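Residue numbers (this note's numbering): 18 to 361.
Below is one structure, written out as structure tokens; comments come after it.
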Ligand code: DAH
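In structure tokens:
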């Protein structure tokens, strides 16, 4: 009997199966009703009583070994057959899961906001659907100013004294902030704005702005210039220069447009700055006394400055993207270029 057991062990050791069918056949051969292990179990009955203990143990071990071997073979052919059926190599490493990344416009908006937060500015937000009063009237737009007209503004309702519209700039948040916050005020207002413009490489009907407002006693144009210079250097590099050109906005007096030295050609002149060495980044000025008065602030006691910039414009200059439409089409190849520039 001892030899018979050893013989079965040898057979088990050499046993190989390629298919599930072969495994089942092997199971029957060893463990089936007429299988070799079962036969040995039956022979056990006629073993001499003094050997029963020893052989009982041996036979149990054999049966367990045979069962384990069959299970092992079953698992093996299972995986192999599944692999054959799907045509895939299951031992290959898996594909990495693609992580999303923040949109380049969000990255730059956050960067602008973070810079001003460092300077002590709070963040304020206002509604995208606004009324004429907050977008135009309180900002000193004369009644027939062209910006109010249908070709620029998307109206939500017309015919009222104070129609609802999609805000055309985030300057409306200035007004809302002045109405409800205590002085002094130091805020930046990021947000989405809407204009009825034909879509091109340089214009879109939806874009983003960041507005800034600082109101306190004795705020001067020198403070404005310093704030903008510090911002420009944080945003575009420590060697950035700024220049201010006189301009006009109904809500500021005096008003200016700000250019930064071209960070590509370092001011020498290239096709991005159209040979001028300068790039326009924002409008700004000292808050018009009429605007302060409209929101209940005494212009004889307080003064302030405001500025407003387009987020897409800053992003285009920062990354030298020459077509605004890239920021709205969400082509994954474009978006992934910024994936490394962001934190997750
Ligand atoms: N609201 C202006 C625009 O949309 C930008 C702007 C210019 C904002 C001058 C200001 C400012 O606060 O002082 O074009």
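For every residue, glycine included, the Cβ atom is placed at its ideal position computed from N, Cα and C.
Keep in mind that this is a model prediction, so the values were computed, not measured.
Requested in this report: May I ask you to check if the CB of residue 244 is nearer than 6 Å to at least one heavy atom of the ligand DAH?
Outcome: no
Query raised in the report: CB of residue 269 to nearest heavy atom of the ligand COA: below 6 Å?
Result: Although the ligand COA was asked about, the structure shown includes only the ligand DAH as ligands.
Query raised in the report: On the three-state DSSP scale, how would you describe residue 268?
Result: coil
**Report entry** Status (buried if at least 16 other CB within 10 Å, exposed otherwise) for residue 219
**Finding:** exposed
Report task. May I have a chain-ordered list of the beta strand (DSSP E) segments no shorter than 3 residues that lie completely inside the region 320–345? Result -> 320–327
Query - Unbroken beta strand (DSSP E) run spanning residue 146, endpoints - result: 146–148
Query - Test item: CB-CB of residue 341 and residue 329 under 7 Å - result: yes
**Report entry** 6 Å CB neighbourhood of residue 13 in its chain, flanking five on each side removed
**Finding:** With the chain covering only 18 through 361, there is no way to say anything about residue 13.
Query raised in the report: What first and last residue would you give for the beta strand (DSSP E) that runs through residue 171?
Result: Unbroken run through residue 171: none, as it is neither H nor E.
Query raised in the report: By how many angstroms is the C-alpha of residue 69 removed from the C-alpha of residue 48?
Result: 21 Å
Query raised in the report: Straight-line CA distance for residue 171 to residue 199?
Result: 32 Å
Query raised in the report: What residue from 121, 103, 305 has the CA that sits closest to residue 236's CA?
Result: 305
Query raised in the report: Taking the alpha-carbon positions, what's the residue 20 to residue 45 distance?
Result: 21 Å
Query raised in the report: Sorry if obvious, but does the Cβ on residue 266 come closer than 6 Å to a heavy atom of the ligand DAH?
Result: yes
Query raised in the report: From what residue to what residue does the alpha helix (DSSP H) around residue 252 run?
Result: 238–253
Query - Residue of 193, 76, 254, 64 minimising C-alpha distance to residue 314 - result: 193
Query raised in the report: Is there contact between the region 184–191 and the region 132–149, where contact requires at least three CB pairs shorter than 8 Å?
Result: yes
Query - Reduced DSSP category for residue 121 - H, G, I as helix; E, B as strand; rest coil - result: helix
Requested in this report: Could you work out which residue in 214, 97, 231 is closest to residue 201 when comparing CA atoms only?
Outcome: 231
Requested in this report: Can you give me the Cβ contacts of residue 35 inside the same chain, cut-off strictly under 7 Å, excluding the 5 residues immediately before and after it?
Outcome: 94
Query - residue 180 in three-state terms, based on DSSP - result: coil
Query raised in the report: In three-state terms, what does DSSP make of residue 296?
Result: strand
**Report entry** Residue from 263, 338, 250 with nearest C-alpha to residue 128
**Finding:** 250
Query raised in the report: Relative to the C-alpha of residue 298, which residue among 126, 276, 321, 265 is closest?
Result: 276
Query raised in the report: Would the beta-carbon of residue 268 fall within 7 Å of that of residue 156?
Result: yes
Query raised in the report: What is the residue span of the beta strand (DSSP E) that residue 258 lies within?
Result: Unbroken run through residue 258: none, as it is neither H nor E.
Query raised in the report: Per DSSP, what kind of secondary structure is residue 230 in: helix, strand or coil?
Result: strand
**Report entry** Inter-residue CB distance, residue 79 and residue 40 (contact presumed, cutoff 8 Å)
**Finding:** The Cβ separation is near 18 Å, so there is no contact.
Query raised in the report: If you draw a straight line from the alpha carbon of residue 105 to that of residue 112, how long is it in whole angstroms?
Result: 13 Å
Query raised in the report: To which residues of the same chain is residue 358 closer than 7 Å at the C-beta, ignoring the five residues directly before and after it?
Result: A caution first: residue 358 carries a pLDDT of 49, below 50, which makes its placement in the model unreliable, though a value can still be read off. So the qualifying residues of the chain are 124.
Report task. On the DSSP bridge assignment, give the partners of residue 225 in chain order. Result -> 209
**Report entry** Test item: CB-CB of residue 279 and residue 296 under 7 Å
**Finding:** yes
Query - Alpha-carbon spacing of residue 137 relative to residue 203, whole angstroms - result: 7 Å
Query raised in the report: Can you list, in chain order, the stretches of the alpha helix (DSSP H) that have 4 or more residues and sit fully within the region 20–102?
Result: 37–48, 53–60
Query - Proximity to residue 349 [Cα-Cα], best of 147, 307, 115, 61 - result: 115
Query raised in the report: If you run the structure through DSSP and keep just helix, strand and coil, what is residue 202?
Result: strand
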